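Engineer: Okay, handing you the structure first.
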Ligand SMILES: Cc1cc2nc3c(=O)[nH]c(=O)nc-3n(C[C@H](O)[C@H](O)[C@H](O)COP(=O)(O)O)c2cc1C
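In our numbering, the protein residues as written are 12 to 322.
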């Protein structure tokens, strides 16, 4: 009687991926990836994100699992084409540990994405990963998809008129041409690092230049600069011909005689309703001993005529 032994067939690539993913993502045994990923492995997430090596990838899986200990990743589709494999996946887990600076919410989170894997022989040398980051941000409550508000805009406008602000001129150098507009939607975000924000309507003529700029200037107008506020609240083609200004150290035009000035390296450009919120890091700052121009209820005021309250 003869016995034929089955030859030892190495597991095919797709089943090796399935079992390494299950071990690493679902069970936290990230060492299982060492059998699949080459020591020179690179994981890419697009031009803006920093590429990861194998150890950094394993660290990132550990961090995700600390935030989502019950993480489950389901491979929904896997397609092989020569040395390349495309994987469509869906991960679910409950957010019980801090993640992306968000304290635990206890919320169930679901993220879907695709990974494109390239083998060199028996090891994966490169992966491209893409996933719906907005789905993740919404699930964590970082962003909320706004519904149309059933509230009278005049009522909201009336509320805003009760809020007192200063007036700034937000500027940028647009390839040699100074551009700017009057903005009272300015706020400090943080002091360490020093960050601020401004909100600019997308319909503004200055908006496209601000959007493509790396830096913007913010000049807080002094009480004596009502004419400057009016100029920059207008739609004039060459507003800068009517005022005296000086380029800042980072190139943004700064209005002479204003009581304080900042230059900001733009970080994020967040689309919000009719406006873009520009956030950024303060890279230069100065202020003078001048009273600021005040804006309230549609009118301008000189703060030096107000009475300080004891507190
Ligand atoms: C006191 C004051 C505050 C303003 N604040 C803002 C603001 O925060 N954001 C904004 O987009 N427009 C604001 N505007 C309106 C713009 O300055 C105005 O629409 C300007 O004409 C835009 O110029 P541009 O189209 O040349 O960019 C403000 C206007 C005034 C008078």
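Every residue, glycine too, gets a C-beta built ideally from N, C-alpha and C. Remember, predicted model here, so these are calculated numbers, not experimental data.
Pull up the distance between the alpha-carbon of residue 55 and that of residue 142, whole angstroms please.
Structural biologist: Between residue 55 and residue 142, the C-alpha separation is close to 12 Å.
Engineer: Using the C-alpha atoms, what's the distance from residue 284 back to residue 231?
Structural biologist: Roughly 25 Å between the two C-alpha positions.
Engineer: For residue 134 and residue 112, I'd like the C-alpha separation in whole angstroms.
Structural biologist: Going from the Cα of residue 134 to the Cα of residue 112 covers about 34 Å.
Engineer: Among 84, 192 and 234, whose alpha-carbon lies nearest the alpha-carbon of residue 316?
Structural biologist: Closest by alpha carbon: 234.
Engineer: Is residue 52 near ligand 1, with its Cβ less than 6 Å from a heavy atom?
Structural biologist: No, ligand 1 has no heavy atom inside 6 Å of this Cβ.
Engineer: Under the rule that 16 or more other beta-carbon atoms within 10 Å means buried, what is residue 223, buried or exposed?
Structural biologist: Residue 223 is exposed by the Cβ-count criterion.
Engineer: Between residue 51 and the rest of its own chain, which residues show a CB-CB distance below 7 Å, the 5 nearest in sequence each way excluded?
Structural biologist: Contacts found: 136.
Engineer: Are residue 78 and residue 117 close, meaning C-beta to C-beta below 7 Å?
Structural biologist: Against a cut-off of 7 Å, the Cβ pair of residue 117 and residue 78 comes out as no contact.
Engineer: Using the DSSP secondary-structure output, state which residues sit across from residue 210 in a beta bridge.
Structural biologist: In the DSSP output, where bridge partners are listed per residue, residue 210 has 288.
Engineer: Could you check where the alpha helix (DSSP H) with residue 32 kicks off and where it finishes?
Structural biologist: Looking at the DSSP string, the run of the alpha helix (DSSP H) that includes residue 32 is 24-32.
Engineer: Should residue 307 be labelled buried (16 or more other beta-carbon atoms within 10 Å of its own) or exposed?
Structural biologist: With fewer than 16 Cβ atoms within 10 Å of its Cβ, residue 307 is classed as exposed.
Engineer: Between residue 89 and the rest of its own chain, which residues show a CB-CB distance below 8 Å, the 5 nearest in sequence each way excluded?
Structural biologist: 25, 28, 29, 96, 97, 98 and 99, listed in sequence order.
Engineer: Residue 261: which of 110, 225, 82 and 243 sits nearest, CA to CA?
Structural biologist: Taking only the C-alpha atoms, the option nearest residue 261 is 225.
Engineer: So, helix, strand or coil for residue 136, using DSSP?
Structural biologist: Strand, per DSSP.
Engineer: If you run the structure through DSSP and keep just helix, strand and coil, what is residue 276?
Structural biologist: Note: residue 276 maps to strand in three-state DSSP.
Engineer: Please report the distance separating the alpha-carbon of residue 277 from that of residue 161.
Structural biologist: One C-alpha to the other measures close to 33 Å.
Engineer: Evaluate the contact criterion for the segment 168-178 versus the segment 250-257: three or more CB pairs, one atom per stretch, below 8 Å.
Structural biologist: No, they do not touch.
Engineer: At which residues does the alpha helix (DSSP H) containing residue 71 begin and terminate?
Structural biologist: Looking at the DSSP string, the run of the alpha helix (DSSP H) that includes residue 71 is 65-78.
Engineer: Given this structure, state the Cα-to-Cα distance separating residue 106 from residue 152, to the nearest angstrom.
Structural biologist: One C-alpha to the other measures close to 11 Å.
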